[in-house]
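Working notes for the structure below.
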Amino acid sequence: MRNGRFELPIQEDGTALVLCALWKHYELSRDLEFIESVYNSLIKRAADFMAEYRNEATGLPKPSYDLWEEKFGVHTFTASAVYGALVCAAKFAALLGKDEHSREYQKIADRMREGITAHLYNKERRYFYRTISFDDGKVVGRDETIDASGVYGVVNFGVFAANDPLISEALGTIEEKLYCRTHVGGVPRYEGDKYYRIAPDAPPNPWFITTLWLAQLYIASSVHERDLDRGKQWLNWSARHALGTGILSEQIHPYSGKQLSAAPLTWSHSEFVITVIKYLEKLEEMGLCDKCTMR
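Next comes the structure, spelled out in structure tokens:
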């Protein structure tokens, strides 16, 4: 129950991420037999739900909770994740010769990308709205908060390329508006984040997750070897702030640099590993390392 109305208490990016992760699994394993065994029971059911749970007028998903499990609405990260998942569903369907399914999922994904571009980009702030609200197909509310998940989501799920000028502008906005302006550095989740905030007048706490997202975006947009330094900088930052045991927490104290909140946090460790892999893959792509990855 929300505002006197029944709403699905879901976090739709969670549904989307399953299909995105499954496609990554297939890319590495090439286990088509396994994919065929879960297509009807998992892939199609999830994709059909996402295809139906959307606003026909805008092409965007209907409201759900955001990835931080705080806000209810239509979020840039969630819309991007659903777009990416539908693209993966289209590829799975094509692999299995289900061409009609493939075309339909891709068509809906393309419409969602149009909706993200039309409704979720804030030209004035050179960034993406964190959340928007609709009523009868019309925008009735926009949250302009700079949230690191916005630009990360649109690149990670393929809505925009990392070297798109719009993404370069968005990264500039993060650097200007979201960096922790203390000697500790790092990137908080979003402007004004109060979760575990050490004092009302203190800056939001940097998170390993969002700082490593920034590193991944810098790595993805790198063209020359020297461009990789910006991504490597934040990998080194994360290593410096790890405990002696290698443990990474959720957050960092903005003045002392000490770890805060849950530790170890699997998500923080996962993003560190992902960032290292992306760095090595980029070295291979640039011809700077022949055997950096195991592919």
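Heads up: the sequence shown is residues 1 to 295, going by our numbering. Glycine included, every Cβ here is placed at the ideal spot set by N, Cα and C.
{"Asked": "Check for me: the alpha helix (DSSP H) holding R45 runs from which residue to which?", "Found": "44-52"}
{"Asked": "Return the first residue and the last residue of the alpha helix (DSSP H) that G141 is part of.", "Found": "Looking at the DSSP string, G141 is not in any alpha helix (DSSP H); the run it does join, the beta strand (DSSP E), is 138-143."}
{"Asked": "Per DSSP, what kind of secondary structure is P61 in: helix, strand or coil?", "Found": "strand"}
{"Asked": "Please report how far the alpha carbon of T131 lies from the alpha carbon of V87, in whole angstroms.", "Found": "22 Å"}
{"Asked": "Rounded to the nearest angstrom, how far is the Cβ of D13 from that of F77, given a contact under 8 Å?", "Found": "6 Å"}
{"Asked": "If you draw a straight line from the alpha carbon of H253 to that of W68, how long is it in whole angstroms?", "Found": "19 Å"}
{"Asked": "Looking at C-beta atoms only, is the number of pairs between the segment 40-53 and the segment 99-113 that lie closer than 8 Å three or more?", "Found": "yes"}
{"Asked": "For A170 and F128, which I take to be in contact (beta-carbon distance under 8 Å), what is that distance rounded to the nearest angstrom?", "Found": "7 Å"}
{"Asked": "What did DSSP end up calling F160 once you bin it into helix, strand or coil?", "Found": "coil"}
{"Asked": "Around the C-beta of K123, are 16 or more other C-beta atoms found within 10 angstroms, so that it is buried, or is it exposed?", "Found": "exposed"}
{"Asked": "Tell me whether the beta-carbon of L212 lies closer than 8 Å to the beta-carbon of W234.", "Found": "yes"}
{"Asked": "My understanding is that L60 touches A81, with C-beta atoms under 8 Å, so please give their C-beta distance in whole angstroms.", "Found": "That belief does not hold up - the Cβ atoms of L60 and A81 are roughly 12 Å apart, past 8 Å."}
{"Asked": "Does Q324 come out as helix, strand or coil in the three-state DSSP assignment?", "Found": "Because the chain spans 1 through 295 in this model, residue 324 falls outside it and cannot be assessed."}
{"Asked": "Find out if the Cβ-Cβ distance for the pair P165, T182 is shorter than 8 Å.", "Found": "no"}
{"Asked": "I'd like the ranges of any alpha helix (DSSP H) spanning at least 4 consecutive residues and lying wholly in the segment 219-252.", "Found": "228-240"}
{"Asked": "Buried or exposed: where does E100 fall if 16 or more other Cβ atoms within 10 Å of its Cβ makes it buried?", "Found": "exposed"}
{"Asked": "Helix, strand or coil for G14, going by three-state DSSP, please let me know.", "Found": "helix"}
{"Asked": "Using the beta-carbon count (16 or more within 10 Å), is P63 buried or exposed?", "Found": "buried"}
{"Asked": "Give the DSSP bridge partners of V187, in chain order.", "Found": "W207"}
{"Asked": "Below 8 Å on the Cβ atoms is my guess for P206 versus G186; work out the distance and round it to an integer in Å.", "Found": "3 Å"}
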